[in-house]
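**Q**
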Amino acid sequence: MKLALALTLLPLASGACPYLEAGGDPSTGSPHSLEARANFAAAVDEIDFAEVMADLKSRFVTSDPAWPADYGTYAPFFIRLAWHCSGSYRTSDGRGGCDGGRQRFDPERSWDNNTNLDKARGLLWDIKQKHGPGLSWGDLFVLAGTTAIESMGGPVLGFCAGRMDDADGSDSIPLGPNAEQQALAPCEVNGECEEPLGSTTVGLIYVNPEGPMGKPDPVVSGGQVRDTFLRMAMNDTETVALIGGGHAFGKTHGACPDGPGESPAENPTHPWAGNCGTGVGVDAFTSGFEGPWTTDPTSWDNEYFTNLLNYDWDVAKGPGGHYQWSANSTTAADSPVAPTADLADTQPIMMLTSDISLINDPDYKEIVADYAANPSNFDDAFAHAWYKLVSRDMGPITRCKGGEVPDAQPFQYPLPPTPAASSLPPVADVMSALKSHLSASPSSVPAFASLAFSCASTFRRTDFLGGCDGARVRMEPERSFPGNEGAEEVLRELEEIRSEFPNLSVADIIVLGGNAAIEAAGGDVGTVCIGRTDAPDGDLGSEYLFPRIAGNEDIDIAHLYDSIDLLGLTKMEFVALSGGHDLAQEGAWAVNPAKLSVGYFDRLLNLEWDGEAAPYTAVGADNEKLFATEVDMLVRVDAQLQAAAQALLQDEDLFKQQFGKAWGKLMQNDLFFSNEERAEL
Ligand code: HEM
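Mapping of the sequence shown onto this note's numbering: residues 20 to 700, in sequence order.
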């Protein structure tokens with residue numbers, strides 16, 4: 020594997036970034052505590068990934084009779100494992116992906132698409148155990164797939180380590196199938212599911228391989244392939260490279276029509292026992308299709324594409340009872356065959372309807388022809404698309420660990436490096452300049468607070484996109500997001516203060532401006548961390564981050580809970596932040612001069628509110644007319660949010676403490692490393 024960029028990360032710095040110091044509340048909303056994350060980070064640094072790769076290569080060729088290796092190697096099996104672990108990622112909310120290693124748990128482990136991957140995970144246990152807690156399951160799955168590609172001669176860009184395992188599968192519950200997923204993202208006809216779901220069929224990674232709703236229609240299948248790969252941000256060239264590169268290897272399994280047996284959810288002790296003969300080896304049933312795509316299924320080449328173009332393909336039911344495609348024996352000059360999985364015989368190659376779709380769609384077909392004629396184009400496209408597939412849910416490159424991390428890729432929306440800490444201005448000086456400005460211009464308090472809030476609240480903990488780092492609020496598409504209408508004017512005001520401090524980024528002045536405003540309004544935001552930088556022109560880091568709460572008058576409680584979770588906040592923290600409505604720039608809740616108080620909760624809980632839908636109205640104590648949004652009303656009526664609002668109303672100290680905690684968390688969610696570490700990257 021190419022060693023593209025060696026990263027020597029320094030030990031966690033003390034002083035530069037209080038967010039990483041002991042004692043703060045640094046949670047990025049991650050399900051893991053700071054202590055667990057720090058311990059894991061230290062343990063990952065101890066892992067010798069080259070040794071893990073050597074262990075994997077020996078695992079590939081050491082066949083276990085309980086689940087014999089096809090063609091004498093498990094390498095293709097592990098590629099499927101890594102692809103299915105990573106391919107659950109969706110841009111709609113950043114959920115899915117292999118970070119967390121949740122394929123070990125329900126719901127993912129029992130998806131039809133993940134049939135028999137329990138065996139692949141079991142085959143890796145010895146390596147996991149040998150290397151210990153610093154080698155997470157998520158990293159091991161991805162490294163197994165990546166090493167497998169490399170071991171069979173495929174092109175590999177590198178490896179981004181640092182996935183931290185989750186304790187359970189709860190973060191995959193919204194992927195379905197279950198009632199919670201139906202509440203959040205209902206799918207009327209399973210097989211025709213739409214965004215925000217990632218696949219056409221809940222329980223499959225992308226599309227039904229047999230064709231839409233099991234109908235072998237390659238034209239409709241092509242549309243579904245494009246649609247669903249786009250939901251993972253893969254364009255046509257990436258999609259074709261990924262499918263053709265993946266199916267350069269291995270085979271489908273469907274020895275007879277009797278199925279794989281019960282899933283882990285149905286039979287945890289003996290899942291997918293296999294109902295054909297011995298159930299293993301040439302008798303295995305996984306998907307119910309049978310055969311490989313190429314004549315040499317353990318070597319990297321572009322034969323998948325030449326096969327698609329060089330043969331006419333006929334559809335018929337295969338031995339597993341599903342429609343699959345075979346090279347037409349009357350037009351094929353020779354009947355292409357590959358060895359059987361036990362190497363004792365030969366069997367014909369095949370294609371799935373989703374494969375055949377690539378020559379029925381004119382745009383896909385052009386790419387197939389290119390990869391058939393120009394193997395180097397294919398190599399380059401596959402190496403990049405695979406790295407993107409398995410790393411995208413990790414977020415910015417600053418989260419990647421290990422010695423095999425390639426240069427930052429476009430999907431990581433790279434930011435300029437943080438200047439050396441010594442060249443950054445002292446935070447105290449900037450804060451004091453901001454506070455003098457605010458005391459001379461108190462009307463800017465709400466404006467500074469709102470801008471910092473909008474800038475930071477794009478963050479989502481699932482794929483670590485968003486936050487104020489990059490100051491993308493200055494540019495499209497974020498500039499036009501609801502809530503950012505007055506941003507340009509406020510930015511001009513902040514720019515005057517920033518001009519006094521060389522090397523201070525726009526992102527940092529926005530955050531510091533927000534913090535100064537909260538303090539001016541009587542809040543306490545604790546210590547402050549800087550070191551953000553500004554995204555270059557053309558950056559698209561906010562392309563998937565359209566706000567879910569701001570301006571959304573149709574939001575229901577399930578989606579509000581989900582949005583709070585994506586922000587990495589507890590319900591109590593979210594409700595406390597809502598108390599900041601008193602700092603609203605204008606309109607119903609504004610208090611003059613801006614002051615952080617429990618007044619919002621008082622009015623929200625105690626006034627009579629009218630209306631069937633937002634804006635809800637009430638008359639305040641001074642006869643002023645008040646307006647409430649749908650979110651305000653959910654805070655008023657939902658049992659859990661209401662309980663938090665009641666607790667905060669009754670205890671102003673608790674409110675200020677929770678508000679400060681939530682604000683600090685929101686502002687610093689986007690910093691994953693200390694300033695010194697970032698400067699090293
Ligand atoms: C195997 C479908 C994309 C890699 C399979 C199997 C099916 C399938 C049905 C057979 C499973 C079995 O019976 O063992 C699809 C569909 C895709 C897709 C519908 C998208 C439209 C990909 C991608 C990759 C990949 C993107 C990796 C980059 C593999 C590998 C195997 C496989 C390596 C062979 C596993 C083995 O030999 O055990 N795929 N696949 N597939 N797939 Fe895909």
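Yeah, the Cβ is synthetic: ideal placement off N, Cα and C, and Gly gets one too.
1) For Gln-687, count neighbouring Cβ atoms within 10 angstroms of its own Cβ and tell me buried if that reaches 16, exposed if not.
2) Count the other CB atoms within 10 Å of the CB of Pro-45; is the residue buried (16 or more) or exposed (fewer)?
3) At the level of alpha carbons, what is the spacing between Ala-73 and Leu-362?
4) Could you give the first and the last residue of the continuous beta strand (DSSP E) run that contains Ala-335?
5) Following the continuous beta strand (DSSP E) through Gln-343, name the residue where it begins and the one where it ends.
6) Is Asp-689 buried or exposed, if buried means 16 or more other CB atoms sit within 10 Å of its CB?
7) Trp-682: buried (16+ other C-beta within 10 angstroms of its C-beta) or exposed?
8) Whole angstroms is fine: what's the gap from Pro-436's alpha carbon to Ser-451's?
9) Between which two residues does the alpha helix (DSSP H) carrying Val-238 extend?
10) Compute the minimum distance between the beta carbon of Phe-268 and the heavy atoms of the ligand HEM, and state whether it is under 8 Å.
11) Compute the minimum distance between the beta carbon of Ser-89 and the heavy atoms of the ligand HEM, and state whether it is under 8 Å.
12) Counting along the chain, where does the beta strand (DSSP E) carrying Gln-122 start and finish?
13) What's the gap between the Cα of Cys-419 and the Cα of Lys-614?
14) Using a Cβ-Cβ cut-off of 6 Å (strictly less than) and excluding sequence neighbours within five positions of Leu-523, which residues of its own chain qualify?
15) Using a 10 Å radius around the Cβ and a threshold of 16 neighbouring Cβ atoms, would you call Ala-662 buried or exposed?
16) Rounded to a whole number of angstroms, what is the C-alpha to C-alpha distance between Lys-684 and Ile-168?
17) Are the CB atoms of Pro-196 and Pro-276 within a distance shorter than 9 Å?
18) Where do the ends of the beta strand (DSSP E) carrying Leu-645 lie?
19) Buried or exposed: which applies to Glu-229, given that a residue is buried once 16 or more other Cβ atoms fall within 10 Å of its Cβ?
20) Name the DSSP beta bridge partners of Leu-585, please?
21) How would you call Val-71, buried or exposed, if buried means at least 16 neighbouring beta carbons within 10 angstroms?
22) Between Ile-574 and Glu-497, is the Cβ-Cβ spacing less than 9 Å?
23) Heavy atom of the ligand HEM less than 8 Å from the Cβ of Ala-452, yes or no?
24) Can we say the region 563–573 touches the region 640–647, given the rule of at least three CB pairs closer than 8 Å?
25) What's the gap between the Cα of Leu-559 and the Cα of Thr-477?
26) Under the criterion of a Cβ to heavy atom distance below 8 Å, does Ala-85 qualify as lining the ligand HEM?
27) Taking the Cβ atom as the reference point for each residue, do Ile-529 and Leu-457 lie within a distance shorter than 9 Å?
28) Answer yes or no: the CB of Asn-393 versus the heavy atoms of the ligand HEM, is any distance below 8 Å?
29) Between which two residues does the alpha helix (DSSP H) harbouring Ala-535 extend?
30) Under 9 Å between the Cβ atoms of Pro-283 and Ile-192?
31) For Lys-680, count neighbouring C-beta atoms within 10 Å of its own C-beta (all shown protein chains included) and say buried if the count is 16 or more, exposed if not.
32) For Ala-681, verify whether its CB is less than 8 Å away from any heavy atom of the ligand HEM.
33) So, are the CB atoms of Trp-344 and Val-334 less than 9 Å apart?
34) Alpha carbon to alpha carbon, how far is Ala-139 from Gly-300? Give it in angstroms, no decimals.
35) Pair every Cβ in the region 247–262 with every Cβ in the region 376–387, then say whether three or more of these pairs are closer than 8 Å.
36) Spatial neighbours of Pro-174 within its chain, please: C-beta separation below 8 Å, excluding the five flanking residues on both sides.
**A** Working from what's here:
1) Classification of Gln-687: buried, given that the 10 Å Cβ count is 16 or more.
2) Low confidence applies here, because Pro-45 scores a pLDDT of 41, under 50, leaving its location unreliable and the question unanswered by this model.
3) Using only the alpha carbons, I get a separation of about 25 Å.
4) 332–336 is the extent of the beta strand (DSSP E) around Ala-335.
5) Going by DSSP, Gln-343 is part of the beta strand (DSSP E) stretching over 342–346.
6) With 16 or more other Cβ atoms within 10 Å, it is buried.
7) Trp-682 should be labelled buried.
8) Inter-residue distance for Pro-436 and Ser-451 is about 26 Å (C-alpha atoms, whole angstroms).
9) Unbroken alpha helix (DSSP H) run through Val-238: 237–249.
10) Yes, the Cβ of Phe-268 comes within 8 Å of a heavy atom of the ligand HEM.
11) Residue 89 is actually Asp in this sequence, not Ser. Of the heavy atoms belonging to the ligand HEM, at least one sits nearer than 8 Å to the Cβ of Asp-89.
12) Gln-122 -> no beta strand (DSSP E), and no H or E assigned at all.
13) Near 41 Å, if we compare the C-alpha coordinates of Lys-614 and Cys-419.
14) Result list for Leu-523: Pro-444, Arg-517, in chain order.
15) Answer is exposed; the Cβ neighbour count stays below 16.
16) Distance between the alpha carbons of Lys-684 and Ile-168: 40 Å.
17) No, the pair does not count as a contact, with Cβ atoms beyond the cut-off.
18) Residues 644–647.
19) Buried is the call here.
20) None; Leu-585 has no bridge partner.
21) Buried, since its Cβ has 16 or more Cβ neighbours within 10 Å.
22) Taking the C-beta atoms as reference points, Glu-497 is found no nearer than 9 Å to Ile-574.
23) Every heavy atom of the ligand HEM is 8 Å or more from the Cβ of Ala-452, so no.
24) With a cut-off of 8 Å on Cβ pairs, the region 563–573 is not in contact with the region 640–647, counting fewer than three such pairs.
25) Going by C-alpha positions, Leu-559 is about 13 Å away from Thr-477.
26) Result no, Cβ not under 8 Å from the ligand HEM.
27) At the C-beta level, Ile-529 and Leu-457 stay beyond 9 Å of one another.
28) Checking every heavy atom of the ligand HEM against the Cβ of Asn-393, none is found closer than 8 Å.
29) Annotation: the continuous alpha helix (DSSP H) that includes Ala-535 extends over 525–539.
30) The answer is no: Cβ separation not under 9 Å.
31) So Lys-680 counts as buried.
32) Because no heavy atom of the ligand HEM lies under 8 Å away, the Cβ of Ala-681 does not count as near it: no.
33) Trp-344 places its beta carbon less than 9 Å from that of Val-334.
34) In a straight line, the C-alpha of Gly-300 is about 14 Å away from that of Ala-139.
35) Under the 8 Å Cβ criterion, the region 247–262 counts as touching the region 376–387, having at least three qualifying pairs.
36) If we look at Pro-174 and ignore the five residues flanking it on each side, its Cβ neighbours are Ile-168, Trp-319, Asp-398, Asp-399, Phe-401, Ala-402.
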